[in-house]
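Undergrad: Sequence lines, in order, name chains A and B. Quick note on our numbering: the first sequence kicks off at 332 and runs consecutively. Quick note on our numbering: the second sequence kicks off at 119 and runs consecutively. The beta carbon of each residue, even a glycine, is placed where N, CA and C say it ideally should be.
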Amino acid sequence: MPAPAPAAQPPLLALEGVGMRYAMAGKEANVLEGVDLALADEELVCVVGPSGCGKSTLLRIVHGLVAPTSGRVVFEGRQASGVNLACAMVFQSFALLPWLTVLENVTLGLEARRVAPAERRPRADRYIDMVGLEGYEEAYPRELSGGMKQRVGLARALAVEPRLLLLDEPFSALDALTSISLRKDLLDIWASADVPVSTVLMVTHSIEEAVELSDRVVVIAGRPGRVAEILPVALPRPRDRKTPGFTAAVDHIFSLIV
Amino acid sequence: MKAAGTRRARRSTARLAGAALLLAALALAAVRLRPSASGVPAGLADLPGLALRSLARMSAAYLLSLAFALAYGGAAARSRRAGRVLLPVLDVLQSIPVLGFFPVAVAFFAGLLPGAAGMELASVFLIFTGMAWNMAFGVYEGLSTIPADLAEAAAGFGVSGRLRAMRILLPAAVPKLVYNSIVSWAGGWYFLIACEIISVGGKRRALPGLGSYLQSTSDAGDLAANAAGLAVLVVLVVALDLVLWRPLSAWSERFRYGQAGTSTPDSSRVLDWWLAARGPRALRRAAAAALRTPLALLGRAWDRLAALHPRARRALVRACAALGIAGAGWLGISLVRGIARLAASPWPERAAEIPLAILASTGRLLAAYALALAWTVPVAVWAGSRPRVSRVVRPLAEVGASVPAIALFPLMVAVLVRHIGVSVAAVLLVLTGMQWYLLFNGLAGVSAIPEDLREAARSLGLPWRMRLRALVLPAVAPSLVTGSITGWGGGWNALIVSEQLSYAGVTYSAFGIGALLDDATYRGGGDPLLLALCLGAMVATIAVLNRLVWRRLQVWTAETFRIE
Numbered sequence: 332m333p334a335p336a337p338a339a340q341p342p343l344l345a346l347e348g349v350g351m352r353y354a355m356a357g358k359e360a361n362v363l364e365g366v367d368l369a370l371a372d373e374e375l376v377c378v379v380g381p382s383g384c385g386k387s388t389l390l391r392i393v394h395g396l397v398a399p400t401s402g403r404v405v406f407e408g409r410q411a412s413g414v415n416l417a418c419a420m421v422f423q424s425f426a427l428l429p430w431l432t433v434l435e436n437v438t439l440g441l442e443a444r445r446v447a448p449a450e451r452r453p454r455a456d457r458y459i460d461m462v463g464l465e466g467y468e469e470a471y472p473r474e475l476s477g478g479m480k481q482r483v484g485l486a487r488a489l490a491v492e493p494r495l496l497l498l499d500e501p502f503s504a505l506d507a508l509t510s511i512s513l514r515k516d517l518l519d520i521w522a523s524a525d526v527p528v529s530t531v532l533m534v535t536h537s538i539e540e541a542v543e544l545s546d547r548v549v550v551i552a553g554r555p556g557r558v559a560e561i562l563p564v565a566l567p568r569p570r571d572r573k574t575p576g577f578t579a580a581v582d583h584i585f586s587l588i589v
Numbered sequence: 119m120k121a122a123g124t125r126r127a128r129r130s131t132a133r134l135a136g137a138a139l140l141l142a143a144l145a146l147a148a149v150r151l152r153p154s155a156s157g158v159p160a161g162l163a164d165l166p167g168l169a170l171r172s173l174a175r176m177s178a179a180y181l182l183s184l185a186f187a188l189a190y191g192g193a194a195a196r197s198r199r200a201g202r203v204l205l206p207v208l209d210v211l212q213s214i215p216v217l218g219f220f221p222v223a224v225a226f227f228a229g230l231l232p233g234a235a236g237m238e239l240a241s242v243f244l245i246f247t248g249m250a251w252n253m254a255f256g257v258y259e260g261l262s263t264i265p266a267d268l269a270e271a272a273a274g275f276g277v278s279g280r281l282r283a284m285r286i287l288l289p290a291a292v293p294k295l296v297y298n299s300i301v302s303w304a305g306g307w308y309f310l311i312a313c314e315i316i317s318v319g320g321k322r323r324a325l326p327g328l329g330s331y332l333q334s335t336s337d338a339g340d341l342a343a344n345a346a347g348l349a350v351l352v353v354l355v356v357a358l359d360l361v362l363w364r365p366l367s368a369w370s371e372r373f374r375y376g377q378a379g380t381s382t383p384d385s386s387r388v389l390d391w392w393l394a395a396r397g398p399r400a401l402r403r404a405a406a407a408a409l410r411t412p413l414a415l416l417g418r419a420w421d422r423l424a425a426l427h428p429r430a431r432r433a434l435v436r437a438c439a440a441l442g443i444a445g446a447g448w449l450g451i452s453l454v455r456g457i458a459r460l461a462a463s464p465w466p467e468r469a470a471e472i473p474l475a476i477l478a479s480t481g482r483l484l485a486a487y488a489l490a491l492a493w494t495v496p497v498a499v500w501a502g503s504r505p506r507v508s509r510v511v512r513p514l515a516e517v518g519a520s521v522p523a524i525a526l527f528p529l530m531v532a533v534l535v536r537h538i539g540v541s542v543a544a545v546l547l548v549l550t551g552m553q554w555y556l557l558f559n560g561l562a563g564v565s566a567i568p569e570d571l572r573e574a575a576r577s578l579g580l581p582w583r584m585r586l587r588a589l590v591l592p593a594v595a596p597s598l599v600t601g602s603i604t605g606w607g608g609g610w611n612a613l614i615v616s617e618q619l620s621y622a623g624v625t626y627s628a629f630g631i632g633a634l635l636d637d638a639t640y641r642g643g644g645d646p647l648l649l650a651l652c653l654g655a656m657v658a659t660i661a662v663l664n665r666l667v668w669r670r671l672q673v674w675t676a677e678t679f680r681i682e
């Protein structure tokens, strides 16, 4: 997968001077300020930052789940407002509906997008198989392990075939071994030519994870959170965490945050 | 920032001073009130005093209920063996229509103490029966949901005895206890009229208070005076919500385990003021100083009890148990003797009406339930996901839940009974006793939907109908079933006063078990056997419905629609 230069194409997504303030208990909390960011097609970008820096809020602004208090979000050349259904999100807490089966959870988004009933089942099956949950279609989320739940979350998001896939700390609620295998699967799916989902924006607090996955790493730091640096990662994939280039990138980001 | 804080504190100080002035005026009016045990003074000037008397009765009953709830709920949570006996008993007590047993209880208390004191005691006891069970369940639930790791940590650090009671157990019980207290308190107002009109030997006697005032003005057909009484009631309910329940509710938030994240915490200006301003701080310090010695003595006594030799303690527990068993035995013997006496009396002719009457009343309850669902579910869904709306709806519902059904009689009679019929009026009155539980529980259920599930639904772009079907309705189903169980309990209770309406000296009656019960209690000096048969039939119906419908629904919804 070649990493295209962001400037070469018109960006899929552009954040222009995005800021977010909350009024909480009479006090103003300034979470994000002046965030500019452009995302090209076929890119995989990770946002890292210390906890509380507003990176999850940023993802929700991109999706249109929350409206920024300043600045604007431009998607495919048009200013976005409201929930952007060209995006789909994978949640840190999985956010599966506990009373629906795996299959029903995955088809929910298809039904909402008025995909024809006859087409829903094969499409859901395809993505359920892709994340390795074949045979669990009729299981309920509470019968699955954490890693399997997040695979359902991933299948649900992929099934709507979004232009932009958003991942909010998708691996942080999982144990180390599970998250390694899920990370690998995510990369495979992203790189696969059969999957129409090719642009990914992911939030994580793990610097190693960001360097391992991304074409570019967006570092957010400070209070209110601002973009401290956007770091292209040109290392060849699959990336070995023990190479000097990898360690140097991690150390550099670490120095920006602390 | 600090200046704004003091300004806010000063503003609420002024508001509080206003409230204090109002209360002082009420107290003054109470002093002016002539003590009159017989007959109710119907003058408007007496209203504040009457309200104060009712408030005193309610407070006494509430304190009793609090003590009972802590002891009973604590005992049920402490040992599984005790719980296995205590919880089903509580379940039965909660689901039987207590109002129906009033005549029995009154006869007991009136015999215990002669004159006005016995009547007051009976009245307080009646209010207590409306408040206590729900609160005891609250304490039990709070205590039994202490996270295991916390209990282990406490044990590991050697926290035990009094320290454990004060720092672990009591705080754990607070949130649910406060919540249930609010519901119980509203229930107390709702049945106030029934609790202040006491019948002994087929004769009604009124205790001076707001409830009896509402009843007597209604009997006399004095709409203006009745409305004034109702207005005083509403003012009292709102004022108490502002200075007592809201602050307590906000304060209880800090004792909740886990993240408060999803539900919006209650806020209370009064609580902020109480915690921040100088006056209350001094007051609290003074109270703490005054209470220190007696509390220390009590604590030492408790410690000494806890330090007793195991054998001595076991003996003490045995003695208590023996006392309890003896009491139960005495109750059983008097019950058997009562039944024997009843069995000796002639079989009442009207007993044959009971099955049909039960059927008619169940139909009325069903109709009221359908009406209640039809409006409370949409309102709960709409308001529950909007914190700002919810903050307005909840106090309104609290006021609504506090308005006694009987207080609506004049309105019912004036509008409905004359034009449509008693049966419809009865359904609407039952509705007043049923709907609020559904609304409270529905609101709580909707506002407890986790934020991540809401976000997921928006992220997937679910249109509102799908959101309702896939997210909101399944998520509130368990709360709605809980609300339905309590609501039907309230409905049966309300039924007893809803099928027989008297206004301006005329009695309007709808055929049903409530009306039959009323006749059995009052008509021609009362018929104890008919009364007992009616109560038995009612309790049996409720038990069967609970077992066949509600218990199953509860288990099913709790398993299927659980969110972990």
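Can you tell which of L439/A, P453/A and V531/A has its C-alpha closest to the C-alpha of R494/A?
TA: Here residue 494/A corresponds to residue number 163 of the first sequence, with the count starting at 1. The option with the nearest alpha carbon to R494/A is V531/A.
Undergrad: What would DSSP say about S586/A, mapped onto helix, strand or coil?
TA: Numbered from 1 along the first sequence, position 255 holds the residue referred to as residue 586/A. Three-state result, S586/A: helix.
Undergrad: Reducing DSSP to helix, strand and coil, say where S401/A ends up.
TA: Residue 401/A sits at position 70 when you count from the first residue of the first sequence. Reduced to three states, the DSSP call for S401/A is strand.
Undergrad: Under 9 Å between C-beta atoms, does F502/A make it to chain B?
TA: What you label residue 502/A is simply residue 171 of the first sequence in a count that begins at 1. Chain B, which has no Cβ nearer than 9 Å to the Cβ of F502/A, makes this no.
Undergrad: If you follow the beta strand (DSSP E) that K358/A is part of, which residue opens it and which one closes it?
TA: What you label residue 358/A is simply residue 27 of the first sequence in a count that begins at 1. That run of the beta strand (DSSP E) goes K358 to L370.
Undergrad: Tell me the residue span of the beta strand (DSSP E) that contains A486/A.
TA: Here residue 486/A is taken as the residue at index 155 of the first sequence, counted from 1. Where A486/A is concerned, there is no enclosing beta strand (DSSP E), although the alpha helix (DSSP H) it sits in stretches over G477 to A490.
Undergrad: Would you list, in chain order, the members of the segment 670–681 of chain B that have their beta-carbon closer than 7 Å to a beta-carbon of chain A?
TA: Residues T678, F679, R680 and I681.
Undergrad: Measure the C-alpha to C-alpha separation of L556/B and A304/B and round it to an integer number of angstroms.
TA: Taking the first residue of the second sequence as 1, we reach residue 556/B at position 438. Taking the first residue of the second sequence as 1, we reach residue 304/B at position 186. Using only the alpha carbons, I get a separation of about 14 Å.
Undergrad: Taking Cβ-Cβ distances below 8 Å as the criterion, which residues of the segment 439–459 of chain A are in contact with chain B?
TA: From the segment 439–459 of chain A, only L439, G440, E442, A443 and R444 have a Cβ closer than 8 Å to chain B.
Undergrad: Name, please, each residue of chain B whose Cβ falls closer than 9 Å to the Cβ of M420/A.
TA: Mapped onto the first sequence, residue 420/A falls at position 89. Residues of chain B passing the Cβ test: E573, A574, S577 and L578.
Undergrad: Beta-carbon of Q423/A versus every beta-carbon of chain B: anything under 9 Å?
TA: If you number the first sequence from 1, residue 423/A lands on position 92. Q423/A counts as touching chain B.
Undergrad: With a cut-off of 8 Å, do at least 3 Cβ pairs link the segment 614–622 of chain B to the segment 331–344 of chain B?
TA: Yes: the two stretches touch, three or more of their Cβ pairs being nearer than 8 Å.
Undergrad: Determine, for P581/B, whether the minimum Cβ-Cβ distance to residues of chain A falls below 9 Å.
TA: As a first step, residue 581/B must be located in the second sequence, where it is residue number 463. It does; some Cβ of chain A falls within 9 Å.
Undergrad: Could you tell me if K358/A is buried or exposed, where buried requires 16 or more neighbouring beta carbons within 10 angstroms of its beta carbon?
TA: Here residue 358/A refers to the residue found at position 27 of the first sequence. By the neighbour-count rule (16 or more Cβ atoms within 10 Å), K358/A is not buried but exposed.
Undergrad: I need the boundaries of the alpha helix (DSSP H) containing S510/A, first residue and last residue.
TA: In the first sequence, residue 510/A corresponds to position 179, counting from 1. Run containing S510/A: A507 to A522, per the alpha helix (DSSP H) assignment.
Undergrad: Which same chain residues, not among the five before or five after L366/B, have their C-beta less than 6 Å away from its C-beta?
TA: Numbered from 1 along the second sequence, position 248 holds the residue referred to as residue 366/B. Once the five neighbours on either side are set aside, the close Cβ partners of L366/B are V296.
Undergrad: Taking 9 Å as the cut-off, decide whether the C-beta atoms of A178/B and V257/B are in contact.
TA: The residue labelled residue 178/B in the question sits at position 60 within the second sequence. The residue labelled residue 257/B in the question sits at position 139 within the second sequence. No, the Cβ-Cβ distance between A178/B and V257/B is not below 9 Å.
Undergrad: How many angstroms separate the CA atom of V590/A from the CA atom of N611/B?
TA: In the structure as shown, chain A starts at 332 and stops at 589, and residue 590/A therefore has no counterpart that could be examined.
Undergrad: Given 8 Å as the limit, is there contact between the segment 465–483 of chain A and the segment 410–429 of chain A, that is, 3 or more CB pairs closer than that?
TA: Yes: at least three Cβ pairs fall under 8 Å.
Undergrad: Closest to P596/B by CA distance: which of Q212/B, G447/B, L671/B and V435/B is it?
TA: In the second sequence, residue 596/B corresponds to position 478, counting from 1. The residue with the shortest Cα to Cα distance from P596/B is L671/B.
Undergrad: May I have the straight-line CA-CA distance separating F406/A from P265/B, to the nearest angstrom?
TA: Within the first sequence, the letter at position 75 stands for residue 406/A. Within the second sequence, the letter at position 147 stands for residue 265/B. Going by the C-alpha atoms only, they are around 46 Å apart.
Undergrad: Do V349/A and G402/A have their C-beta atoms closer together than 9 Å?
TA: As a first step, residue 349/A must be located in the first sequence, where it is residue number 18. As a first step, residue 402/A must be located in the first sequence, where it is residue number 71. Yes. Within cutoff.
Undergrad: Figure out for me which residue from G440/A, T438/A, L396/A and L544/A has the closest Cα to the Cα of L562/A.
TA: Stepping through the first sequence from its first residue, residue 562/A is reached at position 231. The shortest C-alpha separation from L562/A is found at L544/A.
Undergrad: Find the residues of chain A that neighbour D570/B, judging by a C-beta separation of less than 7 Å, and give them in chain order.
TA: Position 452 of the second sequence, counting from 1, holds the residue named residue 570/B. Residues of chain A passing the Cβ test: F422, S424 and A426.
Undergrad: Jot down the residue ranges of each uninterrupted alpha helix (DSSP H) in the segment 411–447 of chain A, minimum 4 residues, whole runs only, in chain order.
TA: Whole alpha helix (DSSP H) segments, 4+ residues: 433–443.
Undergrad: Given this structure, state the Cα-to-Cα distance separating Q553/B from P473/B, to the nearest angstrom.
TA: Along the second sequence, one-based indexing puts residue 553/B at 435. Along the second sequence, one-based indexing puts residue 473/B at 355. Straight-line Cα distance between these residues: approximately 26 Å.
Undergrad: Let me see if you follow: with CB-CB separation under 9 Å, is H394/A close to chain B or not?
TA: Here residue 394/A refers to the residue found at position 63 when the first sequence is read from its first residue. Cβ-Cβ to chain B under 9 Å: yes for H394/A.
Undergrad: Given this structure, state the Cα-to-Cα distance separating A532/B from A174/B, to the nearest angstrom.
TA: Mapped onto the second sequence, residue 532/B falls at position 414. Mapped onto the second sequence, residue 174/B falls at position 56. Distance between the alpha carbons of A532/B and A174/B: 32 Å.
Undergrad: Please identify the residue among P293/B, W582/B, G417/B and F679/B whose C-alpha is closest to the C-alpha of S370/B.
TA: Translated into the one-based positions of the second sequence, residue 370/B becomes position 252. The shortest Cα separation from S370/B among P293/B, W582/B, G417/B and F679/B belongs to P293/B.
Undergrad: Compile a chain-ordered list of the residues in the segment 458–485 of chain A whose CB is closer than 8 Å to at least one CB of chain B.
TA: The residues in question are R473.
Undergrad: Can you list, in chain order, the stretches of the alpha helix (DSSP H) that have 4 or more residues and sit fully within the segment 509–580 of chain B?
TA: If we require 4 residues or more, the alpha helix (DSSP H) runs fully inside the segment 509–580 of chain B come out as 540–565 and 569–577.
Undergrad: At least one CB of chain B closer than 9 Å to the CB of V491/A: is that the case?
TA: Stepping through the first sequence from its first residue, residue 491/A is reached at position 160. Yes, contact with chain B.
Undergrad: Since C377/A is in the beta strand (DSSP E), which residue starts that stretch and which ends it?
TA: For this step, residue 377/A is matched to residue 46 along the first sequence. Element bounds for C377/A: L375 to V379.
Undergrad: What residues in its chain sit with their C-beta under 6 Å from that of D645/B, if we drop five residues either side in the sequence?
TA: Within the second sequence, numbered from 1, the residue matching residue 645/B stands at position 527. Result list for D645/B: P466 and A638, in chain order.
Undergrad: Candidates I588/A, R514/A and Y458/A: which alpha carbon is nearest L498/A's?
TA: To locate residue 498/A, count along the first sequence from 1; it is residue 167. Among I588/A, R514/A and Y458/A, the Cα nearest to that of L498/A is on R514/A.
Undergrad: Answer yes or no: the CB of E540/A versus the heavy atoms of the ligand PLP, is any distance below 8 Å?
TA: For the ligand PLP, the structure offers nothing, since it holds no ligand at all.
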